[in-house]
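One structure is given here, and the rest of the page talks about it.
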Amino acid sequence: MGSENPGIRMTYGNFLQLDELLSLQSGPEGYDPAPSNHEMHFIVVHQAFELWFKQVNRELEEALHLLNVPDVEENKIPVVVSHLERCSEIFRLLASQWKVMETLSPQDFLAFRDRLGTSSGFESWQMRTLEMLLGLKSEQRVGGMDPMEHNRKLHSEGKLSDSVMANMNRIDELPSLNEVLSRWLARTPVNGVSGDTEILQNYVEDHLSSMVEHGESVIAHMVKIGHGTEESIRPRIESGIVGARDFLLPDGVANPARAGLLYIESYRELPLLSWPRRLVDTVVDLEQAMLLFRSHHARMVERMIGRRMGTGGSSGVDYLDMTLKYRIFTDLWAVRTMLVKRDAIADPVNSNFYGYAADN
Ligand code: HEM
Numbered sequence: 018m019g020s021e022n023p024g025i026r027m028t029y030g031n032f033l034q035l036d037e038l039l040s041l042q043s044g045p046e047g048y049d050p051a052p053s054n055h056e057m058h059f060i061v062v063h064q065a066f067e068l069w070f071k072q073v074n075r076e077l078e079e080a081l082h083l084l085n086v087p088d089v090e091e092n093k094i095p096v097v098v099s100h101l102e103r104c105s106e107i108f109r110l111l112a113s114q115w116k117v118m119e120t121l122s123p124q125d126f127l128a129f130r131d132r133l134g135t136s137s138g139f140e141s142w143q144m145r146t147l148e149m150l151l152g153l154k155s156e157q158r159v160g161g162m163d164p165m166e167h168n169r170k171l172h173s174e175g176k177l178s179d180s181v182m183a184n185m186n187r188i189d190e191l192p193s194l195n196e197v198l199s200r201w202l203a204r205t206p207v208n209g210v211s212g213d214t215e216i217l218q219n220y221v222e223d224h225l226s227s228m229v230e231h232g233e234s235v236i237a238h239m240v241k242i243g244h245g246t247e248e249s250i251r252p253r254i255e256s257g258i259v260g261a262r263d264f265l266l267p268d269g270v271a272n273p274a275r276a277g278l279l280y281i282e283s284y285r286e287l288p289l290l291s292w293p294r295r296l297v298d299t300v301v302d303l304e305q306a307m308l309l310f311r312s313h314h315a316r317m318v319e320r321m322i323g324r325r326m327g328t329g330g331s332s333g334v335d336y337l338d339m340t341l342k343y344r345i346f347t348d349l350w351a352v353r354t355m356l357v358k359r360d361a362i363a364d365p366v367n368s369n370f371y372g373y374a375a376d377n
């Protein structure tokens, strides 16, 4: 029996490859003097983050492959949601791990900071990979930074391994989660029908009319309670409606993904749409968790190095604060501005299509 043979008995240590793992905290080869306690703490915190990034990348790829098909089976949506929920929880955990980093005082950090040279979290290829998998584009990044270009340069200088470069090239070829999500949203049945341009157009026009009608009641109410005059309130309400029209009807034609998203968010009572809605909520939750993670990193850095330049050569905290503007799933955020309370929009047509609770 294998389990009785001491030669191949699985132990905690060999299952986790602990010897190897725990021998990796003394800096690169020839690092002299060996890391102090504070420096080892700095290494351990970074390595813990990188291990979690590895897991996030794996979860995101699995989610991406499940959604990257012409017809996503309904029973796959909960699986996608569970992959993404794990990522959100990891980012929430990481956002609080900066507190451990903050037990290092600025002086303790300065004692070994010069030894880091130009190395910086900026070069974390796993972080760049997960941003690419989600769909953060170069043009959305500070200074239009292209992580592929940066890493190709490092690779050509022999500072990035072939296998890392090959993996980044492979990820670069994949569609992003944002793209596959958008394709999936575009197939949402609206009023019981998928892919009918006229039905989509009418649905969006009706929604915009509800916004206008609701806007009028908001203006009347605000004026009545003395929260401004019609002249001050009307332009704001109307510009919101112009924004919604541009978003939902670019060039005058309903955008199927945005119309589907609006439908999912508007009719929260339709059972068939409850998992799609969970998926949308989970993606928003993930992006929110990442933003909080970025924000807590920036605050930790400000506390640690003030307004100094980063070791990676950026302006430091100012740069990190600019990354807080990053939004990947822009449509998912934008649609929130356009929602109208449920009793101010029309009831869904063909509600039976969406299941038992929809015949109100
Ligand atoms: C004393 C601790 C730390 C300080 C002072 C610090 C400082 C900085 C600074 C100044 C930057 C901007 C780029 C540059 O010019 O270097 C940066 C970027 C970054 N750091 Fe840290 N960091 C610390 C710890 C960590 C840890 C533990 C991680 C975990 C992996 C991390 C991950 C990152 C990432 C991913 C970026 C890139 C952000 C982006 O470009 O969006 N940092 N860090």
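In terms of the numbering used here, the sequence shown is residues 18 to 377.
Every residue, glycine too, gets a C-beta built ideally from N, C-alpha and C.
Computed from a predicted model, the values in this text were never measured in an experiment.
Collapsed DSSP secondary structure at residue i in the structure displayed
i: V270; result: coil
i: L194; result: helix
i: G257; result: helix
i: L279; result: helix
i: H231; result: helix
i: K241; result: helix
i: S180; result: helix
i: D364; result: coil
i: V357; result: coil
i: E222; result: helix
i: F264; result: helix
i: R251; result: helix
i: T347; result: helix
i: S332; result: coil
Residue i Cβ short of 7 Å to the ligand HEM heavy atom set
i: T28; result: no
i: G152; result: no
i: S53; result: no
i: I322; result: yes
i: V62; result: yes
i: H167; result: no
i: S331; result: yes
i: V318; result: yes
i: L33; result: no
i: T328; result: yes
i: M118; result: yes
i: Y378; result: With the chain covering only 18 through 377, there is no way to say anything about residue 378.
i: Y284; result: no
i: L177; result: no
i: F264; result: no
Bridge partner(s) assigned by DSSP for residue i
i: V210; result: V207
Burial state of residue i (16 or more Cβ within 10 Å)
i: A375; result: Bear in mind that the predicted position of A375 carries a pLDDT of just 43, short of 50, making it unreliable; the figure below should be weighed with that in mind. That one is buried.
i: M326; result: exposed
i: L133; result: exposed
i: P50; result: exposed
i: E148; result: buried
Quick one: complete alpha helix (DSSP H) runs, 4+ long, within the stretch 285 to 325?
291 to 322
If you scan the stretch 120 to 170 from start to end, which runs of the alpha helix (DSSP H) of 4 or more residues do you find wholly inside it?
123 to 130 and 142 to 151
Alpha helix (DSSP H) runs wholly inside the stretch 49 to 114, at least 4 long, in chain order:
54 to 84
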